[in-house]
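Below is one structure, written out as structure tokens; comments come after it.
Numbering (UniProt numbering), first residue to last: 1 to 519.
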């Protein structure tokens, strides 16, 4: 019998039925919901408010080869493959770069107001891209996409959005997903049954102490899918963004890669522009290279980003960043900006194919929670938003023709029990997990530290069954942390975002392969 986060009896629990159940409200979930609504009834569950997502915080832009004269899907494909450090799924990358152009144009048709120059879509350069192919709206690209998709979803008659619903677990029978259990904002249990369930819960940056992610990014979808029996892949590959604003007592604020794309330089405590010593592309090197270089320099003193030479036009293009700097007493025209890397994007996640299908029938996943290998070991800048669009759309394309022949099933077993345990407080557990992960599974890892991490994680005693959302979050962070640490210990090489000081070299003979973990 499956173990769930709570003991429950379905008798008397309100039941909501839909053709599609979408869990998550970032770009992947909302775009999937919007397209699914053309064929059936859709329910969107979101943990907090519709706009509380990583998408809303995305700054740099969305990558697509829309410039047919200077760029091409083939060049975008080559850059993505190169950044992925030998682990990209070539088929998935081909789908991303070719289908992505049409998906981005659809966003524009929906009303996304990206920057323009001479009447055409303006394009930025970012690290490891060989062409200007980043569509953007200042440094609030994600906020604009979230606005457009949220409005479209809220105005669609076939979509019901249910905010402040915390998804607890997927309901499965015989390796088939029937829907999900959730708590509403008052702690009441709700059962959601659907023909197809789409996980779009986003990432897991909150598993680390230092992160650019919002507090909702706690690995819920990965933990739910793993508990239900789905495989997870590439869990060792967590991308640390090189440049997060580093101020004492303040949560890390992202300084977009687009800033370096516009000419910003990294400088060390001695006043030296150091990136040329680490990579031929200097400040525009792949993110893993820049993050480790900053980390290396930070052992000798604070590292800074220098944008003092920016013109008025350049500063006007990053209004959110400039506003945040000024709120913290920094003048971008005069002051160097203190930065350090922080956990940013999860290349790993629930294993899917290029149609979003998981190991469980009728369960699909897209966006940051999913892993079909499109990013390999190191995501190319601004491919994340495109990933959510392309693969969220493909799930609907895969399921629309079998929608009418698929039934909504009610689970036969209605009472589940597990062994009751009393653990430490959820807040204390979460803090310990974050500290342990940052110290032992952060930018530089080694076998001894990872073994200590796993040992200490397994010593943590969590409460079961969970009694509130904070305990559920602790359980999900704990499960996600275990999976990351285990995969990182297994991979005895350095590749992309995964760097082992005890195995500093990349080993294509033994390790050009994926690690898949499942129950």
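We put the beta carbon where it would ideally sit given N, CA and C, even for glycine.
Within its chain, find whatever has a CB closer than 8 angstroms to the CB of residue i; leave out the 5 residues flanking it on each side and keep chain order.
i, result
"residue 134", "60, 61, 62, 63, 123, 124, 125, 126, 258, 261, 381, 382"
"residue 93", "77, 80, 81, 84, 374"
"residue 339", "242, 243, 244, 245, 246, 255, 266, 294, 303, 304, 305"
"residue 386", "62, 63, 64, 96, 100, 103, 104"
Measuring CB to CB, does residue i end up less than 7 angstroms from residue j?
i, j, result
"residue 165", "residue 37", "no"
"residue 242", "residue 290", "yes"
"residue 474", "residue 437", "no"
"residue 168", "residue 5", "yes"
"residue 441", "residue 471", "no"
"residue 55", "residue 86", "no"
"residue 211", "residue 477", "no"
"residue 162", "residue 351", "no"
"residue 495", "residue 377", "yes"
"residue 453", "residue 429", "no"
"residue 30", "residue 197", "no"
"residue 286", "residue 58", "no"
Return the chain-ordered list of same chain residues with a C-beta closer than 6 angstroms to the C-beta of residue i, the five sequence neighbours on each side being excluded.
i, result
"residue 17", "193, 408"
"residue 379", "239, 345, 347"
"residue 320", "139, 140"
"residue 489", "450"
"residue 301", "269"
Quick one: what's got a C-beta closer than 7 angstroms to residue i's C-beta in the same chain, skipping five residues either side?
i, result
"residue 360", "172, 175, 176, 177, 228, 229, 230"
"residue 51", "146, 150"
"residue 346", "203, 204, 238, 368"
"residue 75", "65, 130, 131"
"residue 282", "275, 276"
"residue 527", "Since the first residue of the chain shown is 1 and the last is 519, residue 527 is not available in this structure."
"residue 333", "308"
"residue 113", "137, 144"
"residue 507", "493"
"residue 121", "66, 114, 135"
If you draw a straight line from the C-alpha of residue i to the C-alpha of residue j, how long is it?
i, j, result
"residue 466", "residue 457", "18 angstroms"
"residue 116", "residue 371", "33 angstroms"
"residue 235", "residue 2", "23 angstroms"
"residue 220", "residue 487", "18 angstroms"
"residue 450", "residue 256", "30 angstroms"
"residue 201", "residue 24", "4 angstroms"
"residue 357", "residue 335", "49 angstroms"
"residue 41", "residue 310", "49 angstroms"
"residue 284", "residue 277", "13 angstroms"
"residue 328", "residue 337", "11 angstroms"
"residue 209", "residue 388", "26 angstroms"
"residue 419", "residue 89", "41 angstroms"
"residue 216", "residue 400", "30 angstroms"
"residue 326", "residue 434", "29 angstroms"
"residue 493", "residue 516", "16 angstroms"
"residue 331", "residue 45", "41 angstroms"
"residue 103", "residue 158", "21 angstroms"
"residue 398", "residue 296", "46 angstroms"
"residue 491", "residue 511", "7 angstroms"
"residue 431", "residue 312", "42 angstroms"
"residue 272", "residue 170", "52 angstroms"
"residue 479", "residue 349", "12 angstroms"
"residue 73", "residue 459", "49 angstroms"
"residue 153", "residue 39", "14 angstroms"
"residue 279", "residue 20", "46 angstroms"
"residue 404", "residue 317", "48 angstroms"
"residue 322", "residue 315", "7 angstroms"
For the ligand FAD, any of its heavy atoms closer than 6 angstroms to the Cβ of residue i?
i, result
"residue 26", "Absence of the ligand FAD is noted for the structure shown, with no ligands found whatsoever."
Can you pull the DSSP bridge partners for residue i?
i, result
"residue 445", "500"
"residue 173", "176"
"residue 346", "238"
"residue 120", "117"
"residue 371", "351"
"residue 438", "Answer is none; residue 438 lacks a bridge partner."
"residue 108", "Looking at the DSSP assignment, residue 108 forms no beta bridge with any residue, so it has no partner."
"residue 267", "273, 304"
"residue 357", "364"
"residue 194", "18"
"residue 189", "183"
"residue 232", "350, 517"
"residue 162", "45"
Does the beta carbon of residue i come closer than 7 angstroms to any beta carbon on chain B?
i, result
"residue 249", "Chain labels in this structure do not include chain B; a single protein chain is all it has."
Can at least three beta-carbon pairs, one atom from the stretch 389-401 and one from the stretch 359-368, be found at a separation below 8 angstroms?
-> yes
Can at least three beta-carbon pairs, one atom from the stretch 73-87 and one from the stretch 95-103, be found at a separation below 8 angstroms?
-> yes
Touch check for the stretch 248-257 and the stretch 501-517: three-plus C-beta pairs under 8 angstroms?
-> no
Could you say if the stretch 178-186 and the stretch 140-147 meet the contact criterion of at least three C-beta pairs nearer than 8 angstroms?
-> no
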